[in-house]
Structures are given as structure tokens and as C-alpha cells.
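Chain order of the listed sequences is B and V.
Quick note on our numbering: the first sequence kicks off at 3 and runs consecutively.
Quick note on our numbering: the second sequence kicks off at -18 and runs consecutively.
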Amino acid sequence: MSRWHDQGDAVDALKAYRPSSARPWDRPAAGHLLRRAGFAPSESELRAALADGPRATVDRLIDAGGDCARHDELDALGETLATRGDIQPLRGWWLLRMCHTNRPLHARMALFWHNHFATSNVKVADAAMMLRQLRTFEQRALGRFEELLLAVSRDPAMIVWLDGVRNVKGRPNENYARELFELFALGVGHYSEADIREAARAFTGWHQRGGEFYFSSLDHDAGPKTLFGHSGPFDGGDVVRLTVEQPACARFLAVKLLREFVGPEPPAELIEAVAGRLRETRLHVGETLRSLLASEALFDPRWYRARIKSPVEYLVGVVRSLEMKAPANVLADAASQMGQRLFEPPSVKGWDGHRAWINSATMLIRLNAAVAAVEGKTAADVGALVGKYELRDDDAVAFCERLTLDGRVPEALHERLAALSGGVESRMKQALRLLLGSPEYQLA
Amino acid sequence: MSITRREFIAGGTSLLASGLTLPAFLNRTAVAAARAKAGERILVVVQLTGGNDGLNTVIPCRDDEYHKARPTLAVPKDRVLRLDDDLGLHPDMTGLKKLFDAGRLCVVNNVGYPNPDRSHFRSMDIWHTAALQPEEARDGWLGRVVDRQARPGGPPPALHLDEGSLPLALHSRTQPVPSIPSLEAFRLSARAGELEQAIAAGRSGASDDLLFVQRTAIASCANARRIEQAAADETRQASYPPTRLAGRLKQIAQLIGADLGPRIYYTSIGGFDTHAQQALAHGPLLKDLSDALAAFDADLQARGLADRVLLMTFSEFGRRVKENGSRGTDHGAAAPLFVAGPACRAGIVGGRPDLDHLQDGDVPHRIDFRSVYATILTDWLELKADEILGKRYDQVSLLKTRS
Chain B
3 MSRWHDQGDA VDALKAYRPS SARPWDRPAA GHLLRRAGFA PSESELRAAL
53 ADGPRATVDR LIDAGGDCAR HDELDALGET LATRGDIQPL RGWWLLRMCH
103 TNRPLHARMA LFWHNHFATS NVKVADAAMM LRQLRTFEQR ALGRFEELLL
153 AVSRDPAMIV WLDGVRNVKG RPNENYAREL FELFALGVGH YSEADIREAA
203 RAFTGWHQRG GEFYFSSLDH DAGPKTLFGH SGPFDGGDVV RLTVEQPACA
253 RFLAVKLLRE FVGPEPPAEL IEAVAGRLRE TRLHVGETLR SLLASEALFD
303 PRWYRARIKS PVEYLVGVVR SLEMKAPANV LADAASQMGQ RLFEPPSVKG
353 WDGHRAWINS ATMLIRLNAA VAAVEGKTAA DVGALVGKYE LRDDDAVAFC
403 ERLTLDGRVP EALHERLAAL SGGVESRMKQ ALRLLLGSPE YQLA
Chain V
-18 MSITRREFIA GGTSLLASGL TLPAFLNRTA VAAARAKAGE RILVVVQLTG
32 GNDGLNTVIP CRDDEYHKAR PTLAVPKDRV LRLDDDLGLH PDMTGLKKLF
82 DAGRLCVVNN VGYPNPDRSH FRSMDIWHTA ALQPEEARDG WLGRVVDRQA
132 RPGGPPPALH LDEGSLPLAL HSRTQPVPSI PSLEAFRLSA RAGELEQAIA
182 AGRSGASDDL LFVQRTAIAS CANARRIEQA AADETRQASY PPTRLAGRLK
232 QIAQLIGADL GPRIYYTSIG GFDTHAQQAL AHGPLLKDLS DALAAFDADL
282 QARGLADRVL LMTFSEFGRR VKENGSRGTD HGAAAPLFVA GPACRAGIVG
332 GRPDLDHLQD GDVPHRIDFR SVYATILTDW LELKADEILG KRYDQVSLLK
382 TRS
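The following block contains the structure:
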């Protein structure tokens, strides 16, 4: 219970959420939390969250230990798929694991780090290295940022991606040092060009060989460096340590986390509060999220449906909430066509996200995916949902409304759904097609 | 294991390919917006993957060096489709010969770059990024065009219509470029009319983001409708050969006809890596290419769209002048490319290959491929080529001068 620390003034904006008649713990609230901390939930997931309450739900999401058998069975295939050298099978494999995991927040954070430390196989051209990097993101998804940053600095795919392999004593390559400061940890304006040059020297000799980190002492510049006002014979580990000590680091990370979990334009007081929590926990991502996800601020109505779902969120959410069995390659191709080709982010900045996901072509692919989710070879088995949740004939369409839009369906659409005719499964399919294709469903 | 494996290997594209008919619903705003753009010009890029043998495509038929270097593969002088005194097309390229005679084809000969790289992968990257050090580039030359044209919610500025992954040429820093195997992915399924109406219904208290998604979704449905109509119109207009490339070009013509919006379309034809028994493979490939391009041109003319479209081909390199011991050719350097459409300046630029002065056994380049890009970017797409290519390149006179 000490984890639920008493909030001081500095973190007042992170005051714990206590359900009230004004802010009840109801389907929209539980659905909102689960969509932010993972993917659109199944009916079972949602019912469990409603029964457990917000704190227990957040604890369960963060502390989730082992995964389910199906996930682990899939998980074991990764290295085998990677040995073929082709990245495409790994895309579907990753998506399928997201669909089956019972640790959705961990899966979501691995995806978050893939976008944060955006590394593309277009240059790395090595499926095994990309897989190894993903494993690093997964293992350290909710841990201390410093440990993750150090692991990423030693990650073979990253070393290839940002030219660590060319960074040698006497001819430092600044690519990694620059992106470390600009895009991974501090943001523009919080370091100098001299800091970049010195950091690049410290990383000299941090190479990879055969897909493993390799320290080449011959290529390492062991001379004295000055970084952020400190001097010493620094190496890459010292750069990481000094970087995370910079006050800008917590704030930078706070903005990234808030954009992912709250909304595209988080307010200043919330940024400061999350940055404060990060500093208190020595940049512990899991403990910070424990505060944020259970805070009053997360449940502010202005954040409800305030983020446009990424293609992966959209697809994995459909599969999880309809409890479908979608083939891996179909999911991978759909995500790619919607603009999110996993393992190939468009640049080291990652995907721009939000409105950039939506154009008239990608939207059409989403609409077709909505149709295909209920029709055709790989469609959801709505009959199974009727049986599992013992749906009454006159409640089945309303069930679909609750499952997809928390029951908050625009009036015109609701009237249309209420007027559907046919057998129970037919009405559910018609309803789901319209609900999954609705503009509201594109938002989380 | 069984369930997992089944999920994993189950094939099919049904999640996307559910294209049937689309009932009537026309969003006037979206259509009007697309019509306003109808005057814009379109570039279609056809990639010849594997390294096309330029010397057996645009043949220096009167050059003794050519016949000496290729005892089994040289095309006899009298079989070549003559373009001028020195050069002629491979005899299987009757379609392109007709285009040439009609003044709709520009042969750009001896195109390459300094210090040619003979790796498929690296040379392709060089062409895709327009950088001789492609490792430094994170985007493609056409991706940079996309970055300058994209606006959220608008039409996609480029479209990759092909199997396989998005080519580096189309990698953009800001916008996902759609990559679809066929335009089935762009058709809305049956009963989508209900979906359109549900999307278009009014919302009270909608956020800006919700309205943005709604507007875009309405435009998507209008696009799908126009694609549907274009596909229906096409049946009486065009006759394409039954090849994959022709099928894709036909779909591209349909999408252009539907005013889908992209200014760049990209597709490819593979199989040009002819190290052995080249004669068996190369002629049919050139025939596929030539017939598909001719059919595409005829289709665009019939649709009244030809004036808006310029097509260019390229391959990552040409092939060694001297044939190898397996009646094939190995990786080479400079080669011809084609630019087709009413806007091109018909004829040959770049002259004939200089077989008397080979570089490492390869045809030396006379025109830098980035000059071809620069000309197309500047004169066709009306963009600032030096910003996109990072440097200023001489222009090549491959387009008609405009009044």
C-alpha cells in the first residue's frame, strides 16, 4: 500500500482517482483505462476490471507476471522465424502475440519503445537483430529508463542503425550521440554541439560483431571528456548516467508517456506532475504509470476518445474484443497497408501518429477491415460470443454497442442499429460492421 | 501447437479483399475537392528488378564490338526494330516501337552513376535514394516528394501497387505511403452503403479529431465509389495482355481515371537477373514490358487521361557487355531507361553506348540518373529538384518544352 503514496503538492495533478457519482467506475471509465493501458478489451477483461476497481486493475496490468500458454507457445517461435532472415514473418508473429497476451500493458509499452527508439530493418537488414531489440524492449518495458537506455546503447540493431559501427577513436561518428540527446532522452535545446561531440567520443568502440555487443578497446577513445559540465575519461555508460541525470530527461519522457496514454497535447501541469513522479522514482516507468493510470487526471472527460488509434491498436483491439482468430500474415499486411509496417518505422523519429495515421486510403483499409472482421474466412465467431456471455436475443445488439463503444453510440447510429432485423447473429454482424467502421471507433 | 500453427500459416487476404459493389452515395464535397486536382500531372514508375540487360534492349546493332562480345546472345542486325541508324529495339518490343513511331517514347540511353556498384541491393538503394551513399539516406527520392505534398486527411500522395514491401524510393518521413497488391484493397464490400450512411450521419458535440476522421472516412467512401465506376467503365475500353505487369498498369489506369489523388504510382516487373540462358527469359520479359506499356498508353488515351501521365522505367544496373559462359550476362553498369507519354520528347537521348571505351568491361554512363530525376521533378511535377535531390543536376531534354 505504500506504493499508493500520499500525493504532495508537486504531484497534485496526479491525485488518485476515486470513483464518485460524478466520475463513476463504469464501462466508459474501465474501457478508457484498458484501451489506454493496452488494447480494446474483451467482454471478460472489461467485466474483471469493473469488478476489481481501478486500483486493483492498474496493479494487475503493471504487475502481470507470466503470460498465458498460447502466448508463450507463440513466443518460442520467434527465434526460429528470425533465422529465416526475412522480417515479414516476425511482423505477424509480434501482432499475434499482442492479440493473445494477458499482459497488454507490457505489449503496449514494447510497441511504445519501438516507436521511441525507432530502428528500421530497412537499414539493419537483419531479422535476428531486430528480434533481439524487441526482446530488450519487452524485458525492460516497465523498468528503469536508465537501464533501458543503457541496453539500447549496447543493442546491436541500434549500433548498426545509428552507425555505432563506424564510431572509432579519431573519427567519431556523432549519429547515435545526437539522436540519444535529441530524440531518445532530452529534446532539442537541452544539450550543446560540444556535448554531442564529447558523447560520440565516449561511445567510440561500442560495436557489434555477429549480432552481439562488442567493445573494441582499440577503437575506444579513453581520453578525458567534458559532458554537461562534468569531466572524466567517460565511456558510453557514463554518458547514459549523466544524460538521465539531466533535469530535462524526466520532462522529455513525461511528454512522450502522456502523448501515448493521455492525449496528443497534454497540459503543462500534468507534464510537470509526471516528470516529478519520474524523478521521485528515479525514472521508473512502471511506478510512474502506476500513478498516472490510476490518477483522476486520466479520467478527465476531455481525454475520452482523444487519441486516434494506430493501425496496430485498431487491429489488435478488434481481434481481442471480438475474441477472433486472425491469421498473422493477414494482420501484418493490414497494419502495413494502414501505414504501420512494424520493424520499419519511417525514420528515427518514429511514426508521427494521431492524425497522420488517417488519409483517404488508410481509412478505406480500416473500413474494409471492419467489414472483414464480421464476414468472410477469418471473421469473428459471433455465435461463440452469444454462448459465452449468454446473450439474450433482445440484448445482443446492445452488447455490441457496449463492447465497441462503451455503449456511448451516436444517436443516429443507435437508431439504425435498433432497427436491424434478422436472426441474432445476423443482427450482431450488421451492428459490428457499422460500429467498427464508425469514426468513434477510430479513437481511443 | 495446432491452433497456433493454423492461425499462423492460414493464408488468404480476406481481411482486405472483400471487394464487391458499392451502392450509390456521392459526397459532393469530396468529389469537388478531387476534381479541382484533376489538372495535376501524374508520374508512373515501373521498376525492372534484377538488372535489365540494356544492350539487348536498346541494341547497338551496327557495332561490331557488340556482336563480338556476344557470340550467342547478340540479336542479328536484320531482326532489330530500328530506331535510327545505330540503335534498335529488341525484336519482341513491337509495342514500344509503335509508341516510338507515334512520338510518345523517349529512349534515355547510357544512364548510370559514377563508380557503379554491382550489388543488386546497394545499387537499387542508390537509385531509390538518389544518393551514392544510400546508407546515409533514410528516405527515398519519391518519399521526399510525398513529404512535400502530404496533408493529413487528404488523398495519399503516392501509391505502391505491387506485391512485396514498400520500396525505399517511396519511404517518406512523414506519411504512410499505401502499398497494396491490387486495387481490391480499395474497394468497399457489399452493403457498404449502410456503412457510408452510418459514417455520414450527424454527430452532436463531436470533437475536431472525430470530425476529421469522419470527413476522411466520407472521402474514402467516395473514392471507393469512383474506383468502382472506373473499373466498370474499363471493361469496354481497354485490352491488356494477361500479364502481371499489365494487370497492375490497368489498375493504375483505373485509379487515375477515378481521380484517387496520388501523383505518383509505383509498380515493378521482376526476373531481369539473367545470368544463364538469357535468351529464353529476356525476350519474353521485354515483350511483357513493351506490350504492357503500349496497352497502358492506349488505355489512357481512350480515357482522355494520357496528357496527364508520364511513365518512366528504370533498373538498378545494366549488364556486362561480354556474355558469360552460361549464355547469360553478369552485373554491369549503365543502361537505357524509357520515358513514355505524350509529354516526352520522342527520340533518343544519350547516344549509342561507347563499346570501344569500356570501364571494367561495362558500358560507361553518359547521363547521371539523377539528371533524369531532376528533369522529371522540375518540368513534370513542377517541384524544386535541388531540394529533393540535395544538389543541382543538369537537365536532360527528355520532355517537350512547354509553351
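Beta carbons are placed, not taken as given, at the ideal position from N, Cα and C, and that holds for glycine.
Item: In or out: glutamate 289 of chain B buried (at least 16 other Cβ within 10 Å) or exposed?; Value: buried
Item: Quick check on DSSP: helix, strand or coil for alanine 83 of chain V?; Value: coil
Item: Can you find a CB in chain B that lies within less than 8 angstroms of the CB of glycine 183 of chain V?; Value: yes
Item: For proline 174 of chain B, return the contacting residues in chain V, with the cut-off set at a CB-CB distance below 8 angstroms.; Value: Going along chain V, no residue has its Cβ under 8 angstroms from proline 174 of chain B, so there is no contact; the nearest lies around 16 angstroms.
Item: Going by DSSP in three states, alanine 316 of chain V sits in which element: helix, strand or coil?; Value: strand
Item: Counting only beta-carbon atoms, is arginine 357 of chain B nearer than 8 angstroms to chain V?; Value: yes
Item: Would valine 350 of chain B pass as an interface residue toward chain V - the criterion being a Cβ-Cβ separation below 8 angstroms?; Value: yes
Item: Work out the CA separation of glutamate 262 of chain B and aspartate 335 of chain V for me, nearest whole Å.; Value: 59 angstroms
Item: When burial is assigned at 16 or more other CB atoms within 10 Å of the CB, is glutamine 28 of chain V buried or exposed?; Value: buried
Item: Return the residue from the list V:Pro97, V:Ala213, V:Leu86 and V:Cys202 that minimises the CA-CA distance to aspartate 343 of chain V.; Value: V:Pro97
Item: Going by other Cβ atoms of all chains shown within 10 Å of its Cβ, with 16 needed for buried, is cysteine 70 of chain B buried or exposed?; Value: exposed
Item: So with CB distances below 7 angstroms, who are the chain B contacts of serine 160 of chain V?; Value: Ser338 and Gln339
Item: Counting only Cβ pairs nearer than 7 angstroms, list the residues of chain V close to methionine 365 of chain B.; Value: Thr197, Ala198 and Ser201
Item: What do you get for glycine 385 of chain B, buried or exposed, if any count of 16 or more other CB atoms within 10 angstroms of its CB means buried?; Value: exposed
Item: Do valine 246 of chain B and glutamate 377 of chain B count as a contact pair if the criterion is CB distance below 8 angstroms?; Value: no
Item: Going by C-alpha distance, which of B:Asp197, B:Asp223, B:Thr364 and B:Ala275 is nearest histidine 232 of chain B?; Value: B:Asp197
Item: Write down the C-beta distance between arginine 300 of chain V and aspartate 311 of chain V rounded to the nearest angstrom, noting that I regard them as a contact closer than 8 angstroms.; Value: 7 angstroms
Item: List, in order along the chain, the chain B residues whose C-beta lies closer than 9 angstroms to that of arginine 154 of chain V?; Value: Pro348, Ser349, Lys351 and Asp354
Item: What is the DSSP secondary structure of threonine 75 of chain V, counted as helix, strand or coil?; Value: helix
Item: By DSSP, does lysine 381 of chain V sit in helix, in strand, or in coil?; Value: coil
Item: Which term fits lysine 311 of chain B, buried or exposed, when burial requires 16 or more other beta carbons within 10 angstroms of its beta carbon?; Value: buried
Item: Would you identify the three-state DSSP class for alanine 13 of chain V, choosing helix, strand or coil?; Value: Residue placement at alanine 13 of chain V is poorly supported in this model, since its pLDDT is 33, which falls under 50; the coordinates still yield a value, given next. Reduced to three states, the DSSP call for alanine 13 of chain V is helix.
Item: I'd like to know whether the C-beta of proline 441 of chain B is nearer than 8 angstroms to at least one C-beta of chain V.; Value: yes
Item: In terms of residue numbering, what span does the alpha helix (DSSP H) encompassing isoleucine 273 of chain B cover?; Value: 270 to 282
Item: Starting from the Cα of proline 277 of chain V, find the closest Cα among V:Glu46, V:Gly76, V:Leu64 and V:His71 and give me that residue.; Value: Looking at the sequence provided, one finds phenylalanine at residue 277 of chain V rather than proline. It is V:Gly76.
Item: Let me check one thing: in DSSP terms, what residues is phenylalanine 217 of chain B bridge-paired to?; Value: B:Trp208
Item: Please name the residue or residues paired with tyrosine 247 of chain V in a DSSP beta bridge.; Value: V:Val26 and V:His141
Item: Which whole-angstrom value is the C-beta distance of leucine 123 of chain V and isoleucine 245 of chain V, which I expect to be below 8 angstroms?; Value: 5 angstroms
Item: Within 8 angstroms of any Cβ in chain B, is that where the Cβ of alanine 112 of chain V sits?; Value: no
Item: So with CB distances below 9 angstroms, who are the chain C contacts of isoleucine 161 of chain B?; Value: Checking the listed chains, one finds no chain C in this structure; the protein chains it contains are B and V.
Item: By the three-class DSSP mapping on this structure, what secondary structure does alanine 433 of chain B have?; Value: helix
Item: By Cβ distance, which residues of its chain are closer than 8 angstroms to valine 158 of chain V, with the 5 residues on each side in sequence left out?; Value: Gly124, Val127, Pro137, Pro138, Ala139, Leu140, His141, Leu147, Leu151 and His152
Item: Indicate whether at least one CB of chain V lies closer than 8 angstroms to the CB of lysine 431 of chain B.; Value: no
Item: Helix or strand or just coil, what does DSSP make of cysteine 202 of chain V?; Value: helix
Item: When DSSP labels each residue in this structure, what does lysine 227 of chain B get in the three-state scheme?; Value: strand
Item: Would you say aspartate 143 of chain V reaches chain B, if we count a Cβ-Cβ gap shorter than 8 angstroms as a contact?; Value: no
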